[in-house]
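In terms of our numbering, the sequence shown has 294 at position 144, counting the first letter as 1, and numbering is strictly consecutive. Backbone N, C-alpha and C fix where the C-beta goes; we use that ideal spot for every residue, glycine too. Since the structure is predicted, the reported quantities are computational estimates derived from the model, not experimental observations.
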Amino acid sequence: MSLPVADHLMPRLLAICVALTVVAGCQQNQPVAQDDEVAHPQANASAQASGLHDVIETTPAYLIGISYPQAAAKYPPLADALQAYAAACRERLMRAVQALQGRKPAMPYDLSLQFSMVAETPRLAAVAASGSSYLGGAHGEPLEQRFVWLVAQQQMLAAEQLIPDAQGWRPVSDYVRGVLRDRMEQSLDEAGVQGEAREAARRLRMAMIEQGTQPDARHFALFEPVINADGSIRAIRFVFPPYQVGPYADGTQTVDVPARLLLPNVAPAYRALFGPVPRTRSQGSG
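This is how it looks when you write it as structure tokens:
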């Protein structure tokens with residue numbers, strides 16, 4: 151028998167249900183590479199067999215909503231990784247609930263987590279995890295994670311594998327900092343911030359950008375491939391959660407770094423994932 155849902159919980163429960171519905175609709179309409187041969191009915195059957203089921207839990211103390219992309223079940227190790235991440239997030243929530251020792255929180259704790267397939271080709275499958283977890287306080291904690299599964303190699307692709315040489319992160323860092331600096335200046339222009347207030351805001355945000363984009367694989371651990379129509383990678387989209395390169399109000403930020411900039415430092419084992427890079431004018435003949 152299902153538990154009755156208190157009136158004050160209904161708006162948040164409905165928000166989680168709507169989020170799950172929107173994610174499911176987006177996944178159904180998501181384009182994939184032209185040479186993708188996966189049939190969605192088979193993916194759905196595989197998902198049911200592997201236990202990739204969406205989750206909704208409601209109690210007076212907490213709410214949980216977790217949504218999975220059914221296509222991920224075609225890759226069991228990837229599906230396992232998604233479930234392990236969700237389980238870790240849920241465990242953290244439940245520890246916080248247990249710490250209440252039966253007391254009712256002012257606002258129910260919650261976990262809202264949506265996994266979505268952001269790229270799928272015969273060579274790779276990439277999943278984005280986004281959401282939030284509220285464990286008390288002024289606002290929820292943002293959740294961001296990325297999973298890039300290589301089909302042939304049967305392994306996850308990590309940033310330190312993609313670019314193994316520490317020096318190879320220098321051009322990535324420089325490029326990302328330039329994009330984020332321009333974006334920051336534009337946001338200050340649009341907000342009409344001038345004078346000393348602008349300089350103070352600029353110093354604060356520049357310090358966050360510099361710190362959060364140090365040329366080290368650890369600062370670029372969250373990424374997803376941007377795919378050409380032929381299934382090759384044309385760019386890598388690096389993902390920066392709130393507080394890494396900007397204040398909480400700026401939300402999650404992303405920067406697409408083009409293949410032409412990445413390829414000179416990409417490990418040889420992964421260069422075939424990228425499409426041909428157009429030659430620059432200096433490389434051309436005549």
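Figure out for me which residue from P292, F265, P226, E310 has the closest Cα to the Cα of Q394.
P292
Who are the near neighbours of A309 in its chain, counting only those whose CB is closer than 6 Å to its CB and skipping five residues on each side?
A367, F370, A371
My parser needs the alpha helix (DSSP H) runs of 4 or more residues fully inside the segment 290-353; what are they?
309-312, 319-341
Rounded C-alpha distance that separates V416 from G318
8 Å
Would P226 count as contacting chain B if we go by Cβ distances under 9 Å?
Looking for chain B here will not work: only one protein chain is present.
State the Cα-Cα distance for the pair I206 and Q264, rounded to the nearest angstrom.
12 Å
Figure out for me which residue from A409, T402, Q304 has the closest Cα to the Cα of N378.
A409
Note down, in chain order, each residue of its chain lying with its Cβ closer than 7 Å to the Cβ of P392, except the 5 sequence neighbours on either side.
P292, Y398, D400, G401, T402
Do G328 and R355 have their CB atoms nearer than 9 Å?
no
Bridge partners of Y212, per DSSP?
Y259
If the criterion is Cβ atoms closer than 9 Å, does the pair Y212 and W299 meet it?
no
Alpha carbons only, please: which of Y420, Q311, E294 is nearest the one belonging to S262?
E294
May I have the straight-line CA-CA distance separating Y420 from Y235, to the nearest angstrom?
25 Å
When you compare each of A347, D324, A350, R242 to Q361 by their alpha carbons, which one comes out closest?
D324
Which partner residues of G281 appear in the DSSP bridge assignment?
L263, L293
Contact defined as beta carbons within less than 8 Å: I believe V376 pairs with L330. What is the distance between those atoms, to the nearest angstrom?
Not a contact, Cβ separation roughly 18 Å.
Name, in chain order, the residues that DSSP records as bridge partners for T271.
According to DSSP, which records beta bridges pairwise, T271 is partnered with nothing at all.
Who are the Cβ neighbours of A288 in its own chain at under 7 Å, not counting the five residues just before and after it?
none
Cβ neighbour criterion (16 or more within 10 Å) applied to G381:
buried
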